Structures are given as C-alpha cells and as structure tokens.
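Chemist: So the sequences go chain by chain: A and B. Numbering of the first sequence is given in full-length UniProt numbering, commencing with residue 1 and proceeding in unit increments. Numbering of the second sequence is given in full-length UniProt numbering, commencing with residue 1 and proceeding in unit increments. All C-beta atoms in this analysis are idealised placements derived from N, C-alpha and C, irrespective of residue type, glycine included. Keep in mind it's a predicted model, so treat the numbers as computed, not measured.
2 protein chains.
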Amino acid sequence: MSSIGIVSPQSMQFAEPLPLQSGAAIADYTLVYETYGTLNADKSNAVLVCHALNASHHVAGVYADQPKNVGWWDNMVGPGKPLDTDRFFVIGVNNLGSCFGSTGPMHINPASGKPYGAEFPVVTVQDWVTAQARLADRLGIEQFAAVMGGSLGGMQALAWSTMYPDRLRHCVVIASTAKLSAQNIAFNDVARQAILTDPDYHGGDYYAYGVVPKNGLRVARMIGHITYLSDDDMAEKFGRKLRATNPADTDDENGAERDYHFGFGVDFEIESYLRYQGDKFSEYFDANTYLLVTRALDYFDPARAFGGDLSKALANSRAQFLLASFATDWRFAPERSREIVRALIDNKRRVTYAEIDAPHGHDAFLLEDARYLNLVRTYYDRIWDERNSKVAA
Amino acid sequence: MSSIGIVSPQSMQFAEPLPLQSGAAIADYTLVYETYGTLNADKSNAVLVCHALNASHHVAGVYADQPKNVGWWDNMVGPGKPLDTDRFFVIGVNNLGSCFGSTGPMHINPASGKPYGAEFPVVTVQDWVTAQARLADRLGIEQFAAVMGGSLGGMQALAWSTMYPDRLRHCVVIASTAKLSAQNIAFNDVARQAILTDPDYHGGDYYAYGVVPKNGLRVARMIGHITYLSDDDMAEKFGRKLRATNPADTDDENGAERDYHFGFGVDFEIESYLRYQGDKFSEYFDANTYLLVTRALDYFDPARAFGGDLSKALANSRAQFLLASFATDWRFAPERSREIVRALIDNKRRVTYAEIDAPHGHDAFLLEDARYLNLVRTYYDRIWDERNSKVAA
C-alpha cells in the first residue's frame, strides 16, 4: 500500500526553553519527527510537511511492527508521488502538545514531577513554527524548498512565510484559512465543552485517576467529523439508509423495507458511522491535546496584529505560493483561500491557486483525486526545475 | 410587547389510548393548548399552529403572572398580526412527549406509578397529528382554515395535508423539509449521544436521582444552536470579537487591543453567547423530551412508504399550500422546500412559494422580517377573502 515502505520515527531533545506566544515557556521538550528521502549536499531539497488536528509526524510509509499504520499523507509523499522523495528530503514533525510522541500534556512536567495535564501551556500555530524552525536549525536546514500543509497544517505553512520569510522558497497551503470564522470557533467550543464537562476530565488531571474523558472526546470528534464531510457527500454515502439489523440482511439496498427501531440506538447508517468514528478516536487521542489543538486553530489570525488587514500581515512574505481549496469544503470554504490569494496578490507575490470541484468536503485534502494530486505534482516539478536551472546557472 | 395581551393555557384529558406509529400506545394523556380569537358560528375560521423543537402551545400573548413570557410566534399571531386573531381562531397545542404541560417523560406512567423517563414511547410527527386531530374533534372543529408551522411545525402541517386531507383548506409550511438529510440526522445523533452518555442521565430515570443531565443537554443545545444560525449572521454578529474582560471595557469596538486568555474559558463573544444559550436551555428543557423530539425529526419521511417518491406521498393532499424558505437557512435549505413544491405541482396542487433572502439562517422563521410577515399576511388575507366570498355565494 505504501510505496515508501518502512520508516522510523526519530526524536530530538531541546533543553533551551521555548518562549511561547502566551508569555509562558516550555523547557526540556522533545520533538518527534520522521524524514523521507535524502538531504542533498547543499541542503536545498528539504520540504517540511505540517500536520493537522489529529495527525502526526507519521506522514508516509509504515512501521516495521505496524504494517497497517500507513502515514496520513502517503498518497502525497513517497518515491514517484506528487511530493517525490526521490527528489526531495521530506520532514514530518509532531507538534508540541500533541499525543504522538512530542512533549504533550500526558508527559511529565519537570517542574512538578507529574503529568502536565491542564498545566500544559496553551500553544499556538506560531509556537509550533518556532519549534519547527529550531528543529530545522539542528538538522542544518537553513532554507526549505517548501513548507506545506493542509487545514491546520496550511496555517503553519502560512505562518512560516511571514515568521521566517527567507527560510522557505515555496509555501503550499491547502484547504486552509487565515482565520477561523465564528461558526468554526463555535464548533470548536462545543467540542471543548463536551470534554471539559465530562466528569472523567477531572480538571485535566485524569491521568492520575486512571480514566479518560472518553464520552466528551467521543462527542467532540463526532461534531468535528460532521464538519469534515460535505452535506452532498454524506447524502451520497449515507443518505437516510437504515443499518441492517443483522449482517445477512444485505438484499435491501435502499432500506425501504426495514423499519425504524423507535428508540435512540442506531437506526441510520450515518449514526453507526459517526459513533464508530467517535469511539475509535476516543481510544487513541488525548483529550488535553484536543483542547490545545482546537484552541490553536481558534487563535490563529495573523491579520489581528495589523488591524485585520491580511495584506499587511503577509507583506513580509518572500516565498512563492501554491494554494488549493475544495468546492464542497464548508469548514474552510474556497472563499477563505481566495482571501489569502488576494492578500498575496496585493503584495505582488507569485501565487498559483486552484479550486477543485471535489465532492468530499474538507476531508478532500487527504483523499485521492487525480486533479488535486496532479496539481501538487506539477507544482513540485516546477520547484525541482527551478532548483536545477539555478544549479546549472 | 404582545398585542394580544394576557392568555391562559387550557388542558384536555384523553382516556382512550392513542395508538402510536411504533405499535405502542399512550393511555390517559393530557394535551395542553391555548386559543386566541373567537371560533365563529360555522367553525370555519380555526387555524392550528404547530410548534417546533423547543417551543410549546404558548404561541402568542403573555401570562398574567409571567408578563415577560411572550409566546414564541407573537410577531405572527394576534390582533392585526399576519395571522389576525380578529379574524381567525388560533390554536396552539403542546405536543405529546414535550415538557411544557402535555403528557411527557416527566409525568407519572399510570402503568408503573413512576415517571415515564425512558419508558415514554417514541412519538412521531404523525402521532402528534393524530393527537391534534383528536383535540380538534373535541373542540368541534371538522376542518381548519389552515394548519401552519415552521421547521418541525411545518412537518406537522405537511403531515396533516395527507393524513386528514379534508380537514384543512390551507397548509402553511415554513422553513421545513419533507425529510432530514444525513447531516441533519448526524447533528441530532451527536446531540443525543451527549445526553445519553452524561452520567446524570441514569438511563433516562434521572428524575428519581434528583439530577438532570445538564452537561449533555447543554452541549446538545449548543450544537443545535449553531445549525439555527447562518454562517454569515454569526460572522456579522460575533465574528472574531473578543469578549470584554470587564463590563467597563467597552471602548474597544473591534477587540483588537484585547489579548487572548490562553486558556479554555471564554475568549470570543461567540463562545459566551453559545454557552449562555446552552446554560439557559439546560435549566428549563427536559433531556428525555430532547431525545424524543430529535428522533421525531429524524423519522419524519412521508415518502418512505412510497419508495422515496414524495409526489406519490403527497398525492392525496387536497389543501392549498403556502411554503416559504430562507436563503441562508442551511439546516433546512430552500432546496428542501423546493422539493415539496415540485411534488405538489406534480399533483396539480395550488402552491404559493417564496424564498426570502434573509440573513438569519433557520431562525429567520421566528424573526421580524417585513417581506416574510407580509407574505404570510397576504396569504391569510386570501384565505379570509375566499371564506367570505364562499359565505356570500
């Protein structure tokens, strides 16, 4: 399934405190990361891939002991893939506060000797970028060929373009936005309230109680999941189909002959699907991380320091940009990408932008779509050609 | 504020069991209702107003001891209002399973001597209509001038048109749909899961424990509330405005100088608003009722018995129809109303339909909008004129 094959995560320790946007700092932290491909001699072929809400450093490939654990962007990154690891040296970093290896709320706070829990400082997109830049320093990468991400990962790429304008030649921002809308924040806040009011949350110190706020996390994920899918896609995949009461009952395609159960269990396929997604997520994801990551989404707003003027906020960017959005994405709709494109054009940046008429809502950025994957492939071909012509010149 | 003034609820007891769509039955039940205006001698001026999710029989006016408790459609119903109580005799009925007086889960189950709780049977839109028809029988009303409702209330009006085609001359269906989409069901199911997994739910028997599943109900309401507002309206009203930390801090209109709190409390106005809505709702609404009413929404699907063919489902309707939808309503979007309109036209029914370009999302059906209120007013003028010309002829 994965063409890159077996990969291994690495980790890097950082003793020097990282100052955070909140005024707090994290000392003695670890970043877990993976790399694919080979860094060339002049270190000019590195691409940083930033992850979204529930993803991690595991961008591509599988682990030797987990052959089914395929990286979240394996269709995008690998030998011969749009982001071709035969050409580029690709890095995936797990962000601070996450629950996949980098220092997060479930790790021991050196100041207290107990898990951070709710004491883990609120981190922002900018903080993640600062931490990623330090990792790049350690890896000896002065300038990335590209920084790339989808959704929350796209926010990190955008933040790179203004925080370290000389450290990336290209910025690839997919299905993202320069700021959340009130509706986006509203969904995040309801999700957080579900977690925060779960009695098993214990003020964030649930690790000490041997429980996790599963019910809250499950509801949070179900809410989120609805916003990742398009209305049309849900209608197409699930519609009002009733779930077969027993697995043998497969001959009734449209469910018309099945009857309602007249209760609050599963009647509809969509209920079964969403509850399954919620159950699965609440098994592996950390509730404190969910709170942190949704807050990072809410707070991202580079124009804020410029009186809301995004053009001013992006004025010091130097990179070239690829942006892509998906027509049925109602979480971060195409208009949000167009706002960024307009602000970049105001600054006379070189921008490629595509709106892809895919049916899969926000999730489309993770899925197979030839038009989308070819768009990214062509863009990386250009990055590669530019680099080669520069080398030749 | 209310032009109809002081009103009083009445109640009607029903000993004969009401057979339900599920196969169960409710015996010894009470319906609470209010009436406004005067029933004329030939009983031809009665209008039934059906309520939506969290509303009740209290459609217009105030109570003598609760001068601030204004009926939910007071801008629509009253002397000189679009549904003019100087002409029409208007009835509002609290539906079975509700928590405002009609028999519901918190009432004593005569079979057990304890509150129904989760034993209260699942009721459907059709069941409510059957119960409403029995109330009409008791009141001596053979035929309504109109049956009218918005959202879930519109579903009841639509069900009346096929269940009792000769008992209404007009059917007024506002901001409604002939069936929920997968996305609608998904939101309802997440809301129910929040309630069902709240430890204070106690399998529906929380009355016995002296608690209510407030946290779950609060999250459920917050989810629902997001779907009632349009994205644009939220952006307009709240945007990314930060809440003033202290009430004196009012000079900073756009909040740009305020800073984030870097926590999970209230930063944004939208959070404050939604949490307030959730808190308020969880103080007065019953969680078992919330489960029942959302399930009634999910199950409504008159085309289901006709292989999904809505035209066939509406074939035996006889009424004339007014439908209205709101451009920014993404819960029951205009396309859902158009589906009903097309099915009625297939059946050569007389239909008036308007799409109103109001910014307020689904909630628009409850709000002041001159175009909307004039549309309804004009329609009721026509009903009145038809009746008079019939009397004259």
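Excluding sequence positions up to five away, which residues of its chain have a Cβ less than 8 angstroms from the Cβ of D200/A?
Modeler: Once the five neighbours on either side are set aside, the close Cβ partners of D200/A are Y206, Y209, V211, V212, P213, K214, N215 and G216.
Chemist: Reducing DSSP to helix, strand and coil, say where A24/B ends up.
Modeler: coil
Chemist: Determine the burial state of G11/B: buried for a count of at least 16 other Cβ atoms within 10 Å of its Cβ, exposed for fewer.
Modeler: Per the sequence shown, the amino acid found at residue 11/B is Ser instead of Gly. That one is exposed.
Chemist: Contact criterion: CB-CB distance below 8 angstroms. Does Y299/A meet it with respect to chain B?
Modeler: yes
Chemist: Who are the neighbours of P199/A on chain B, taking C-beta pairs under 7 angstroms?
Modeler: P199
Chemist: Find the residues of chain B that neighbour residue 440/A, judging by a C-beta separation of less than 9 angstroms, and give them in chain order.
Modeler: As shown, chain A starts at 1 and ends at 393. That puts residue 440/A outside it, with no answer to give.
Chemist: In three-state terms, what does DSSP make of Q132/B?
Modeler: helix
Chemist: In the structure shown, what three-state DSSP assignment does V293/A receive?
Modeler: helix
Chemist: Under 8 angstroms between beta-carbons, which chain A residues line up against M234/B? List them in chain order, please.
Modeler: S181, A182, Q183 and A186
Chemist: Contact criterion: CB-CB distance below 8 angstroms. Does M222/B meet it with respect to chain A?
Modeler: yes
Chemist: If we cut at 8 angstroms on Cβ distances, does Y206/A have a partner in chain B?
Modeler: Under the Cβ criterion of 8 angstroms, Y206/A is not counted among the residues facing chain B.
Chemist: Flag N215/B as yes if its beta-carbon sits less than 8 angstroms from any beta-carbon of chain A, otherwise no.
Modeler: yes
Chemist: Thinking C-alpha only, which one of S311/A, Y380/A, A194/A and R295/A is nearest L180/A?
Modeler: R295/A
Chemist: I'd like to know whether the C-beta atoms of V90/A and G37/A end up nearer to each other than 8 angstroms.
Modeler: yes
Chemist: Quick check: the Cα distance between G92/B and F268/A, rounded to an integer number of angstroms?
Modeler: About 32 angstroms.
Chemist: Determine whether the Cβ of A364/B lies closer than 8 angstroms to any Cβ atom of chain A.
Modeler: no
Chemist: Name, in chain order, the residues that DSSP records as bridge partners for P19/A.
Modeler: A25/A
Chemist: Please name the residue or residues paired with H170/A in a DSSP beta bridge.
Modeler: A146/A and Q320/A
Chemist: Would you say V266/B and V219/A are within 8 angstroms of each other, going by their C-beta atoms?
Modeler: In this structure, V219/A does not lie closer than 8 angstroms to V266/B by Cβ.
Chemist: Using 8 angstroms as the limit for Cβ to Cβ distance, is P19/A near chain B?
Modeler: no
Chemist: Quick one: does V122/A have its CB under 8 angstroms from some CB of chain D?
Modeler: The structure shown contains no chain D; the protein chains it does contain are A and B.
Chemist: Express the C-alpha separation of C99/B and A25/B in angstroms, rounding to a whole number.
Modeler: 19 angstroms
Chemist: Can you list the residues of chain A that I226/B reaches, using a CB-CB cut of under 8 angstroms?
Modeler: Q183, A186, F187 and V190
Chemist: So, under 8 angstroms CB-CB, A146/A and V59/A are touching, yes? Tell me the CB distance rounded to an integer number of Å.
Modeler: About 14 angstroms; that fails the 8 angstroms criterion.
Chemist: So A263/B contacts chain A; which residues on that side make the cut at Cβ distance below 7 angstroms?
Modeler: In the sequence on display, residue 263/B carries Gly and not Ala. Neighbours of G263/B on chain A, chain order: V122.
Chemist: Rank A52/B, D369/B, Q132/B and T289/B by C-alpha distance to the C-alpha of E355/B and give the top, closest one.
Modeler: Taking only the C-alpha atoms, the option nearest E355/B is D369/B.
Chemist: If the cut is a Cβ gap below 7 angstroms, which residues of chain B does Y260/A touch?
Modeler: Y299
Chemist: What residues in its chain sit with their C-beta under 7 angstroms from that of S272/B, if we drop five residues either side in the sequence?
Modeler: The answer, listed in chain order, is R243 and V266.
Chemist: Counting only beta-carbon separations shorter than 8 angstroms, does D252/B have a partner in chain A?
Modeler: Low local confidence applies: a pLDDT of 46 at D252/B is under 50, so the model's placement there is unreliable, with the coordinate-based value given in what follows. By this cut-off, D252/B is not an interface position.
Chemist: On the CB-based measure, 16 or more other CB atoms within 10 Å of its CB, does K16/B come out buried or exposed?
Modeler: According to the sequence as given, residue 16/B is Glu; it is not Lys. Exposed, by the Cβ-count rule.
Chemist: Any idea what DSSP makes of D267/A, helix, strand or coil?
Modeler: Correct three-state label for D267/A: coil.
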